[in-house]
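S.K.:
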Amino acid sequence: MIGATLSRWTLSYFTASLAFLVFGLGLMAGGFGFPVHGIRAAETLIVVHAVSIGWLALLMSGALLQFVPVLVNRPLWGSGASLPALLLLVTGLSGLLVGFAGMAGLTESPAWLLPVSGMLLTCGFSLIFAILGMTLWLARPIALPARFVAAGICCLLITALLGSIFTFALSGFTEQAVLLDITGSALPVHAALGLGGWMTFTAMGVSYRLLTMFMLSPDAVRQTTRIIWWEGAAALTILAAGIVIAALETGSTEIAVTAALVPGIACIALYIVDIRAIYRQRKRKTIELNSAASIPAFIALGLSLLLAIALFWTEVSDRMIAGLVYLFTFGWLSGLSLAQLYKIIPFLTWLECYGPVMGRAPTPRVQDMVSEGRARQWFALYYSGVAVATLALIAGYPTVFRLAVALSLAAILALTVQFFRARRLLDVPHGLRLPKGATLPHLIYAGEPIFRRSK
Numbered sequence: 000m001i002g003a004t005l006s007r008w009t010l011s012y013f014t015a016s017l018a019f020l021v022f023g024l025g026l027m028a029g030g031f032g033f034p035v036h037g038i039r040a041a042e043t044l045i046v047v048h049a050v051s052i053g054w055l056a057l058l059m060s061g062a063l064l065q066f067v068p069v070l071v072n073r074p075l076w077g078s079g080a081s082l083p084a085l086l087l088l089v090t091g092l093s094g095l096l097v098g099f100a101g102m103a104g105l106t107e108s109p110a111w112l113l114p115v116s117g118m119l120l121t122c123g124f125s126l127i128f129a130i131l132g133m134t135l136w137l138a139r140p141i142a143l144p145a146r147f148v149a150a151g152i153c154c155l156l157i158t159a160l161l162g163s164i165f166t167f168a169l170s171g172f173t174e175q176a177v178l179l180d181i182t183g184s185a186l187p188v189h190a191a192l193g194l195g196g197w198m199t200f201t202a203m204g205v206s207y208r209l210l211t212m213f214m215l216s217p218d219a220v221r222q223t224t225r226i227i228w229w230e231g232a233a234a235l236t237i238l239a240a241g242i243v244i245a246a247l248e249t250g251s252t253e254i255a256v257t258a259a260l261v262p263g264i265a266c267i268a269l270y271i272v273d274i275r276a277i278y279r280q281r282k283r284k285t286i287e288l289n290s291a292a293s294i295p296a297f298i299a300l301g302l303s304l305l306l307a308i309a310l311f312w313t314e315v316s317d318r319m320i321a322g323l324v325y326l327f328t329f330g331w332l333s334g335l336s337l338a339q340l341y342k343i344i345p346f347l348t349w350l351e352c353y354g355p356v357m358g359r360a361p362t363p364r365v366q367d368m369v370s371e372g373r374a375r376q377w378f379a380l381y382y383s384g385v386a387v388a389t390l391a392l393i394a395g396y397p398t399v400f401r402l403a404v405a406l407s408l409a410a411i412l413a414l415t416v417q418f419f420r421a422r423r424l425l426d427v428p429h430g431l432r433l434p435k436g437a438t439l440p441h442l443i444y445a446g447e448p449i450f451r452r453s454k
């Protein structure tokens, strides 16, 4: 990535996503949403969408705007639309949350707010799809990790369109039978395509590139990776077929979700095997904190897999489903995201600040820009909170759950301080902090592309 163009607004996406994560966890720690309220209650919908869209989707979108060009070795197409997309997404999500608050009786909101907000979100995600999709399309043929991303952004678009349909039905702005049928039965497909297709399948593709790059592992395509791709693609195709089933009323979408579990479980199991091989074959024997802190996330993914399998032989209850979703969302997806942010933010900062003067002045290493000793304890606290919260949800101890969420929230706030320190170069040794020609980068967006600044 040395000499690459930085995505100007990626850090703005990261900033917004962290704000929504703190908001969502703060609500849960305060007793808002499940288990205090019902799993399908409007209060729970507020928490779910603050985390899934506000945290995970914004974070993933921002990361892909930076790393898809790295995956395909081609400039980002339509990069000027990145900021409008972010504004559409933040505005749409804010309206959606206010609309759900109106459904919960917490505030008065007009009936049109939900469908308008859904349309804004769909427009924002359509821009993200167009930017990334065209970049991938123009780079054909694309490598296997990029194919994961291509499938993931297709799931994103379908998930966004389904969500928009739901907002029209919930607000009473449509009486079309097809749309009402989809709303009534396609919710599991919506959730599975969002968490499993858009977020997990995309994270798989990006992780193959980032982990091999940061740990100096062999990046040759494995046969298992090809099998993972086909199994995942099969699972996502079956899930998408569930939408057709819902529209035509030819069966139950639960059949499609259950059928997708078979290739989906095999896909995740083989992925964990692949990740283990990447760690074992690394050339960098002492791994940095971002890679070490990702290990509990992969363990959480494996435990989520076992818990999902166990649901076949146990009574499916709201508590079990909530525990599975919480572990998957905060143990796997959020854990991996926070761990990689700990590397990505200083890495992008290094490229912007020190890339233009590299070779002309002494510069620090990327690892000199962070204090791993301080951050390590916060990752430990975060994962401990996730583990306790998951068990508390399954066992039915809401007070313990809230306390555990508060621990994770405290850890995230502390990690956010570490991200801030890296961006402001506060941990860089004084003599190397700002050599001649280097400038302090902006806090939440990148300056000019670094190849221009270095001329």
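With numbering that gives the first Met the number 0, the residue at position 165 of the sequence shown is 164, and numbering never jumps. Idealized CB from N, CA, C, for every residue including glycine.
1. State the Cα-Cα distance for the pair Leu215 and Lys282, rounded to the nearest angstrom.
2. Do Asp426 and Ser370 count as a contact pair if the criterion is CB distance below 8 angstroms?
3. So if DSSP puts Ala437 in a beta bridge, which residue, or which two residues, is it bridged to?
4. Identify every run of the alpha helix (DSSP H) within the segment 67 to 102, keeping only runs that are complete inside it and at least 4 residues long; order them along the chain.
5. Hey, could you find the ends of the alpha helix (DSSP H) His48 is sitting in?
6. Alpha carbon to alpha carbon, how far is Leu323 from Cys266? Give it in angstroms, no decimals.
7. Have a look at Arg432 and Leu424 and give me their C-alpha separation to the nearest angstrom.
8. Are the CB atoms of Leu392 and Tyr325 within a distance shorter than 8 angstroms?
9. Starting from Ala245, trace the alpha helix (DSSP H) in both directions and tell me its first and last residue.
10. Which whole runs of the alpha helix (DSSP H) in the segment 298 to 346 are 4 residues long or more, in chain order?
11. If I follow the unbroken alpha helix (DSSP H) through Gly430, where does it start and stop?
12. Which whole-angstrom value describes the C-beta separation of Thr4 and Pro74, a residue pair presumed to lie in contact below a C-beta threshold of 8 angstroms?
13. Kindly give me the distance between the Cβ atoms of Trp377 and Ala410, rounded to whole angstroms, as I take these residues to be in contact under 8 angstroms.
14. Find out if the Cβ-Cβ distance for the pair Thr252, Ala185 is shorter than 8 angstroms.
15. Should Leu57 and Phe19 be called a contact, given that it needs their Cβ atoms to be closer than 8 angstroms?
16. Would Phe419 be called buried (16 or more neighbouring beta carbons within 10 Å of its own) or exposed?
17. State the Cα-Cα distance for the pair Ser336 and Met59, rounded to the nearest angstrom.
18. Is the beta carbon of Ala421 sitting closer than 8 angstroms to the one on Met368?
19. Can you tell me which of Tyr12, Ala28 and Ser16 puts its alpha carbon nearest to the alpha carbon of Ser407?
20. In chain order, what residues of the same chain have a beta carbon less than 8 angstroms from the beta carbon of Leu179, not counting five sequence neighbours either side?
21. Which class does Ala360 belong to by DSSP, given the choice of helix, strand or coil?
22. Mapping DSSP to helix, strand and coil, what is Thr173?
23. For the alpha helix (DSSP H) that contains His36, what are its first and last residues?
24. Would you call the segment 256 to 265 and the segment 224 to 244 in contact, with 3 or more CB pairs under 8 angstroms?
25. Keeping to the same chain, check which residues put their C-beta closer than 6 angstroms to that of Arg451; ignore five residues upstream and five downstream.
26. What would DSSP say about Gly395, mapped onto helix, strand or coil?
27. Determine whether the beta carbon atoms of Ser6 and Leu64 lie at a separation below 8 angstroms.
28. Excluding the 5 residues preceding and the 5 following Thr415 in the sequence, name in chain order all residues of the same chain whose CB lies nearer than 8 angstroms to its CB.
29. What does the alpha-carbon distance come out to for the pair Ser316 and Gly204?
30. Does the Cβ of Gln222 have 16 or more other Cβ atoms within 10 Å, making it buried, or fewer, making it exposed?
31. Measure the alpha-carbon distance for Gly354 versus Ala80 and round it to whole angstroms.
32. Return the CA-CA distance between Gln339 and Met102, expressed in angstroms with no decimal places.
33. Can you tell me the Cα-Cα spacing of Ile237 and Pro109, whole angstroms?
M.R.: In short, the structure shows the following:
1. As a working mapping, residue 215 is identified with position 216 in the sequence shown. As a working mapping, residue 282 is identified with position 283 in the sequence shown. For Leu215 and Lys282, the distance between alpha carbons rounds to 5 angstroms.
2. Along the sequence shown, one-based indexing puts residue 370 at 371. Along the sequence shown, one-based indexing puts residue 426 at 427. Yes. Within cutoff.
3. Reading the sequence shown from its first residue, position 438 is the one you call residue 437. Partner(s): none; Ala437 has no beta bridge.
4. For the segment 67 to 102, whole alpha helix (DSSP H) runs of length 4 or above, ordered along the chain, are 81 to 102.
5. The residue given as residue 48 occupies position 49 in the sequence shown. Annotation for His48: the continuous alpha helix (DSSP H) segment containing it runs Ala41 to His48.
6. The residue given as residue 266 occupies position 267 in the sequence shown. The residue given as residue 323 occupies position 324 in the sequence shown. Rounded to the nearest angstrom, the two C-alpha atoms are 18 angstroms apart.
7. The residue given as residue 432 occupies position 433 in the sequence shown. The residue given as residue 424 occupies position 425 in the sequence shown. For Arg432 and Leu424, the distance between alpha carbons rounds to 7 angstroms.
8. By 1-based counting over the sequence shown, the position of residue 325 is 326. By 1-based counting over the sequence shown, the position of residue 392 is 393. Contact flag set, yes.
9. If you number the sequence shown from 1, residue 245 lands on position 246. Start and end: Gln222 to Leu247.
10. 317 to 325
11. The residue labelled residue 430 in the question sits at position 431 within the sequence shown. Premise fails: Gly430 is in no alpha helix (DSSP H) and is neither H nor E.
12. Against the sequence shown, residue 4 aligns to sequence position 5. Against the sequence shown, residue 74 aligns to sequence position 75. So it is a contact: roughly 6 angstroms between Cβ atoms.
13. Here residue 377 refers to the residue found at position 378 when the sequence shown is read from its first residue. Here residue 410 refers to the residue found at position 411 when the sequence shown is read from its first residue. Contact flag correct, Cβ pair sits at about 5 angstroms.
14. Working through the sequence shown from its first residue, we reach residue 252 at position 253. Working through the sequence shown from its first residue, we reach residue 185 at position 186. Result yes, Cβ atoms of Thr252 and Ala185 sit closer than 8 angstroms.
15. Mapped onto the sequence shown, residue 57 falls at position 58. Mapped onto the sequence shown, residue 19 falls at position 20. Contact: yes.
16. On the sequence shown, position 420 is the one that residue 419 refers to. The residue in question, Phe419, is exposed, as its Cβ has fewer than 16 Cβ neighbours within 10 Å.
17. Here residue 336 is taken as the residue at index 337 of the sequence shown, counted from 1. Here residue 59 is taken as the residue at index 60 of the sequence shown, counted from 1. Their Cα atoms are separated by approximately 9 angstroms.
18. Residue mapping note: residue 421 aligns to position 422 of the sequence shown, counting from 1. Residue mapping note: residue 368 aligns to position 369 of the sequence shown, counting from 1. Taking 8 angstroms as the Cβ cut-off, Ala421 and Met368 qualify as a contacting pair.
19. Taking the first residue of the sequence shown as position 1, residue 407 is located at position 408. The residue with the shortest Cα to Cα distance from Ser407 is Ala28.
20. For the purposes of this step, residue 179 is taken as residue 180 along the sequence shown, with counting starting at 1. Closer than 8 angstroms at Cβ, skipping near neighbours: Ala168 and Thr173.
21. Position 361 of the sequence shown, counted from the first residue, corresponds to residue 360. DSSP places Ala360 in strand when its eight states are reduced to three.
22. Position 174 of the sequence shown, counted from the start, is the residue given in the question as residue 173. DSSP places Thr173 in coil when its eight states are reduced to three.
23. Position 37 of the sequence shown, counted from the first residue, corresponds to residue 36. Neither: His36 is in no alpha helix (DSSP H) and is coded neither H nor E.
24. yes
25. Locating residue 451 in the sequence shown gives position 452, counting from the first residue. Confidence is the limiting factor: at Arg451 the pLDDT is only 42, short of 50, which leaves the residue's position unreliable and the question unanswerable from this model.
26. Against the sequence shown, residue 395 aligns to sequence position 396. Of the three classes helix, strand and coil, the one that applies to Gly395 here is coil, per DSSP.
27. Counting from 1 along the sequence shown, the entry for residue 6 is found at position 7. Counting from 1 along the sequence shown, the entry for residue 64 is found at position 65. A contact, by the Cβ cut-off of 8 angstroms.
28. For the purposes of this step, residue 415 is taken as the residue at position 416 of the sequence shown. If the five residues before and after Thr415 are omitted, its C-beta is found closer than 8 angstroms to the C-beta atoms of Leu17 and Val21, all from its own chain and listed in chain order.
29. Taking the first residue of the sequence shown as 1, we reach residue 316 at position 317. Taking the first residue of the sequence shown as 1, we reach residue 204 at position 205. So the two alpha carbons sit approximately 32 angstroms from each other.
30. The residue labelled residue 222 in the question sits at position 223 within the sequence shown. The residue in question, Gln222, is exposed, as its Cβ has fewer than 16 Cβ neighbours within 10 Å.
31. Along the sequence shown, one-based indexing puts residue 354 at 355. Along the sequence shown, one-based indexing puts residue 80 at 81. Distance between Gly354 and Ala80, taken at the CA atoms: about 25 angstroms.
32. Mapped onto the sequence shown, residue 339 falls at position 340. Mapped onto the sequence shown, residue 102 falls at position 103. Computed Cα separation, rounded: 36 angstroms.
33. As a working mapping, residue 237 is identified with position 238 in the sequence shown. As a working mapping, residue 109 is identified with position 110 in the sequence shown. In a straight line, the C-alpha of Ile237 is about 37 angstroms away from that of Pro109.
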